[in-house]
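A quick write-up on the structure given underneath.
4 protein chains.
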Amino acid sequence: MSATRAGFIGLGKMGRPMALNIHKAGFPLTVANRSQAVVADLASHGATAAATPAEVAAHADLICLCLPMPAHVEEVVLGPNGVIEGIRPGAIVVDFSTIGPSTCRLVAERLKAKGAQYIDAPVSGGTTGAVAGTLTVMVGGDQDAYDRALPLLQSVGRKIVHAGPVGAGAVVKLMNQLLVAINLAGAAEAMVLGTKAGVDPTLLYETIASATGNSFQMARNFPDLILKGKFDPMFSVNLLHKDVALAVDVGREQHVRLLLSALVQQIFAEARDAGHGDEDIAAVIRPLEKLAGTEVRAR
Amino acid sequence: MSATRAGFIGLGKMGRPMALNIHKAGFPLTVANRSQAVVADLASHGATAAATPAEVAAHADLICLCLPMPAHVEEVVLGPNGVIEGIRPGAIVVDFSTIGPSTCRLVAERLKAKGAQYIDAPVSGGTTGAVAGTLTVMVGGDQDAYDRALPLLQSVGRKIVHAGPVGAGAVVKLMNQLLVAINLAGAAEAMVLGTKAGVDPTLLYETIASATGNSFQMARNFPDLILKGKFDPMFSVNLLHKDVALAVDVGREQHVRLLLSALVQQIFAEARDAGHGDEDIAAVIRPLEKLAGTEVRAR
Amino acid sequence: MSATRAGFIGLGKMGRPMALNIHKAGFPLTVANRSQAVVADLASHGATAAATPAEVAAHADLICLCLPMPAHVEEVVLGPNGVIEGIRPGAIVVDFSTIGPSTCRLVAERLKAKGAQYIDAPVSGGTTGAVAGTLTVMVGGDQDAYDRALPLLQSVGRKIVHAGPVGAGAVVKLMNQLLVAINLAGAAEAMVLGTKAGVDPTLLYETIASATGNSFQMARNFPDLILKGKFDPMFSVNLLHKDVALAVDVGREQHVRLLLSALVQQIFAEARDAGHGDEDIAAVIRPLEKLAGTEVRAR
Amino acid sequence: MSATRAGFIGLGKMGRPMALNIHKAGFPLTVANRSQAVVADLASHGATAAATPAEVAAHADLICLCLPMPAHVEEVVLGPNGVIEGIRPGAIVVDFSTIGPSTCRLVAERLKAKGAQYIDAPVSGGTTGAVAGTLTVMVGGDQDAYDRALPLLQSVGRKIVHAGPVGAGAVVKLMNQLLVAINLAGAAEAMVLGTKAGVDPTLLYETIASATGNSFQMARNFPDLILKGKFDPMFSVNLLHKDVALAVDVGREQHVRLLLSALVQQIFAEARDAGHGDEDIAAVIRPLEKLAGTEVRAR
């Protein structure tokens, strides 16, 4: 059993299996969560339940977060009963949440005043990767903090990338998400048009997938989801829209004009506003199908 | 040696090696081209030189075209001394050019009046694939014409897809090109932003390339071209801009709203107007780099 | 009565009142139209009915056209029984249609071979201006042709602008239409957002209309149409979409990157595809209202 | 002389003349500003100089703000030595700054806890209107606060609009600014294209300005600025970019898809990144001119 004690706040679809993998790897684990059911569940696996983020922080060397929005991270770390109230000098906040680099730097600055450190460590790989412990982890933070957190990171991920100082992990993750959105929305547009123009959607998909227009998102979204008319959420339109919005915010902060990115943000907003926010990102194609009067389904 | 006689008009970067492969496969070959040097060259390999498209048509059962723009196809087939003046009943025009489906249908209609047929057969795979005979060929046309042309198509390509009636090959090719443009321009945007935000470009590329934001165009354009600052044309900005414009025209004909496609057409226009029209498509990143004041180069 | 004889082909919503004004101004008038009812109607007012465009051309010094699309102009002038078959040396085609400058130049070139001239003379001012004879006419063509056509132009319009050589009138008209589309679609976006954010639509309209965000299209579309929920066609979404598409084509020909223009073309395509193509251009706001779940109506 | 005492914080290009007009109208005036020179100047006109926002607040019934960015408002009101530290129950913060409605509501909420009120009162009309006291003022806030502030508002503006509760004034102002940006950038695009296509820019401007494509921004930007090649800042690209970004943020908060707005934000970012951030908003045309290789100047 590791001497390093871990904490985990945010036991959602991603956080719960990640926390379990950390626990299985031998890290003593204290957890907290807004909903208490999952806390009890983790406790039944041997974790210690805490009432507040501050209490988690008081009992951990590495305090992991996995929260949906920047505002949640700010609240859980800096708010009342937040991590910052319990954290001890030398501890490290390991933030698996996908948030913007400016929030990362703000939180890191505040923790530094307590003698603690912060690394942003957003992940890629979905719930499947979270369960299997095969996530890609993109890390921003000081080298020594990275080194100390590495064994824990390796318990949740297979590929761990140290991208640079605080915020760099967030930037890499957000740039990846931008391309998820662009490649997917682009494929949706081309597949709807090709189908409306009379080509069989499966043939169209297979030809492009074997040619120069291929992308990871083609394979993820068409054969098993769109072509079958399945839009059950693995990763929702709302969550990707949030990521894209954060990426576009990076462009605003960095003074970089973003054309496709700004537009794709609105395309996911369209899918959300048309009622598909809680469906899988594949559903971004649905407003396009409706407008074109054609469906991209296997025949 | 095949009894089927072939003709080839348009002996450019793609057409010349394709014509050679057809000849090597045993098809007696008659050729014509605007520039005569390459005609003489082909003749030295055993092809028969013709003075006009009409003359090529008079000596061939399968008349291949590989021309840059729809206007060239219209001129070579329907113009003075065009294919239509020499073509014989039962012959087939095999059009490897990337043009729009409406031009395909127009030309097919006119040839039908002469008792001849037309198949659109645009290719993917670049000059490398043209030389190696490993192109992907996307075919639109009647089944019997497709069947008769298949042996010739197999002499230039490895994957031959019969996509549907006349124009369907063009649609598949154009949809692929749309995604080439969107995936590449999207990657350019994200890579410029991530680099400006302080992440090492090579690390950024490698992380995204192994994650869910990956695309064929990432691998094609970053390691060997953009990260090394090389923009020598394999496939030029001008040609991809043309393809995207044709794809957007399909959207206009089919009454399909196209957001990312319409924008990416203008992004390639920007690269062209900034002086990069004859450079490789990777150069679409250069106006973005200039505006952001950062270059996405390996360090 | 003028010695100059006029012809008029295309007696639609705009053409009919324009032809009547030309007739009232004293020009002997020969007319033709696809639908014969309106020809009979004009004949009852004293015009001479002709069976074909060629026949109109044979009896006129100034042959006016007012047709919906470039393809109609090509067909009526260059097609079978077209103007070009009847036109005499020295005659002038006065084209009130809104078409692209490249079509203007093509037609002018062909007429020149017959010793005839062409001026593009698209109009602005709607059916109200057409009836009142108060249109703005934007003219492209040689000075002498312009001078000879001027009295006729003055019978249909109040402001006649000689914009330059053949095609220049078309360019001015299309640039105006581009701004009609952008200013209107922009206003629609801002009014929907402001209304969704809780501001009374009438107050919002009146404040912007008296401030720096005002445009001609604000006044045209909000008080009498959108705020009252009226979308009866005065000028339809389909027609403006056509104009914008032609303007974007000018950008392609001229190698000018167009961002807002390319996007607004798709926004009008969206309105058309959502079923509002035959409604007034004000209906461009309807898909935005539906998506936002709010209506910009006076309360 | 009014019994109501005024305070003013933020004596920039707009704030200084507005403060002078309030003073001239008879309101006893206490002022503060980051730069002290202008404070001394106002003092020489009879105003009382204060060292901090808190001190201004302690001496005023109506505390006016005119600050560039939301962060400045938050700092001046809520930060150390901020207005909130000195404000007394019953006082009203009158915020002339152009900021987002969410910041307005946040600040209002915090002031309410002190028994004070907040109205957002952004203005339109530029420095000319600020000097002349003829601004348009768009007000959000409770009716009683509006009523009490009205005499002061009338000393700076001619048209005072009560748009609704706190934040409504901000929404109206931002929607207006969105249309300033869209109408101007649209006009820039059309004028560059028309000029490149060969039409004289002055003729093109004058024709559109008298037709249906006209907008307030046409008249503001072309005759005196762009056509003369003058880009001296009256209202800068940077400031309008900020306003548009805030308007697009309203879209994000309200769940309204924004296509033209999102794009025009990037078009102003382009002008900024190309080095025109401190020039007048008319300079948004300059990157377009450069790319097209043509200038829209009177000949």
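Protein chains in written order, with this note's numbering: chain A, 1 to 299; chain B, 300 to 598; chain C, 599 to 897; chain D, 898 to 1196. Note that beta-carbon positions come from the ideal geometry of N, C-alpha and C, so glycine has one too. As the structure is a prediction and not an experimental result, all values here were calculated from the model.
- When CB distances to chain A are screened at a threshold of 8 angstroms, the residues of the stretch 474 to 500 of chain B falling below it are MET474, ASN475, GLN476, LEU477, LEU478, VAL479, ILE481, ASN482, ALA484, GLY485, ALA486, GLU488, ALA489, MET490, VAL491, LEU492, GLY493, LYS495, ALA496, GLY497, VAL498, ASP499, in chain order.
- DSSP places ILE1016/D within a strand segment (E or B) once states are collapsed to three.
- Residue-level contact by beta carbon holds for ALA872/C and chain A, with a gap shorter than 8 angstroms.
- Note on geometry: alpha-carbon atoms of VAL754/C and LYS771/C lie some 16 angstroms from one another.
- Secondary structure of ASP1097/D (DSSP, three-state): coil.
- Judged by beta-carbon spacing, ALA880/C lies within the 8 angstroms limit of LEU823/C, meaning their Cβ atoms are closer than that value.
- In summary, no residue of the stretch 838 to 851 of chain C has a CB separated from any CB of chain A by less than 9 angstroms.
- Against chain B, the beta carbon of ALA1189/D has neighbours under 8 angstroms at ASP572, listed in chain order.
- LEU135/A and VAL1181/D have their C-alpha atoms spaced approximately 44 angstroms apart.
- CA-to-CA, the gap between LEU825/C and PRO799/C works out to about 8 angstroms.
- Secondary structure at HIS23/A: helix, using DSSP grouped into helix, strand and coil.
- At least one CB atom of chain C sits nearer than 8 angstroms to the CB of ARG556/B.
- Beyond the five residues adjoining it in sequence on each side, GLY1026/D comes within less than 6 angstroms, by CB distance, of LEU1032 in the same chain, given in chain order.
- Between ASN1111/D and chain C, the shortest Cβ-Cβ separation is below 8 angstroms.
- Take the alpha-carbon of LEU917/D and the one of VAL953/D: they are about 16 angstroms apart.
- Spatial neighbours of ILE865/C in its own chain (CB-CB distance under 6 angstroms, excluding positions within 5 residues in sequence) are listed in chain order as ALA783.
- Comparing C-alpha distances from ALA648/C to each of GLY608/C, GLY698/C, MET789/C, TYR744/C shows the shortest one belongs to GLY608/C.
- Contact with chain B is found for ALA860/C, since one of that chain's Cβ atoms lies less than 8 angstroms from the residue's Cβ.
- Nearest CB-CB separation between GLU868/C and chain B: below the 8 angstroms threshold.
- Of the other Cβ atoms in all chains shown, 16 or more fall within 10 Å of the Cβ of GLN516/B; this residue is therefore buried.
- Judged by their CB atoms, GLU189/A and LEU559/B are nearer to each other than the 8 angstroms cut-off.
- Residues of chain A whose Cβ lies closer than 8 angstroms to the Cβ of GLN1040/D do not exist, since the nearest Cβ in that chain is about 32 angstroms away.
- Taking the Cα positions, ASN819/C is about 57 angstroms away from ALA353/B.
- Bridge pairing for HIS461/B: VAL438/B [DSSP].
- Listed in chain order, the non-local C-beta contacts of LYS794/C below 6 angstroms within the same chain comprise ALA890, THR892, local neighbours out to five positions each way being set aside.
- Under the 8 angstroms criterion on CB atoms, GLN864/C is classed as interfacial with respect to chain B.
- Beta-bridge partners of THR30/A (DSSP): GLY7/A, THR48/A.
- Inter-residue distance for GLU971/D and PRO914/D is about 23 angstroms (C-alpha atoms, whole angstroms).
- DSSP, read as helix, strand or coil, puts SER859/C in helix.
- Around the beta-carbon of GLN715/C, 16 or more other beta-carbon atoms lie within 10 Å, marking it buried.
- The C-beta separation of LEU856/C from LEU1090/D comes to about 7 angstroms, placing the pair in contact by the 8 angstroms criterion.
- The bridge partners DSSP lists for LEU65/A are ILE9/A, ASP95/A.
- In this chain, GLN36/A is not harboured by any alpha helix (DSSP H), its DSSP state being neither H nor E.
- Of all residues in the stretch 744 to 774 of chain C, the ones placed with a Cβ closer than 7 angstroms to any Cβ belonging to chain D are LYS757, VAL759, ALA761, GLY762, ALA766, VAL769, VAL770, MET773, ASN774, in chain order.
- With a threshold of 8 angstroms between beta carbons, LEU503/B makes contact with chain A.
- Not one beta carbon of chain A lies nearer than 8 angstroms to the beta carbon of THR433/B.
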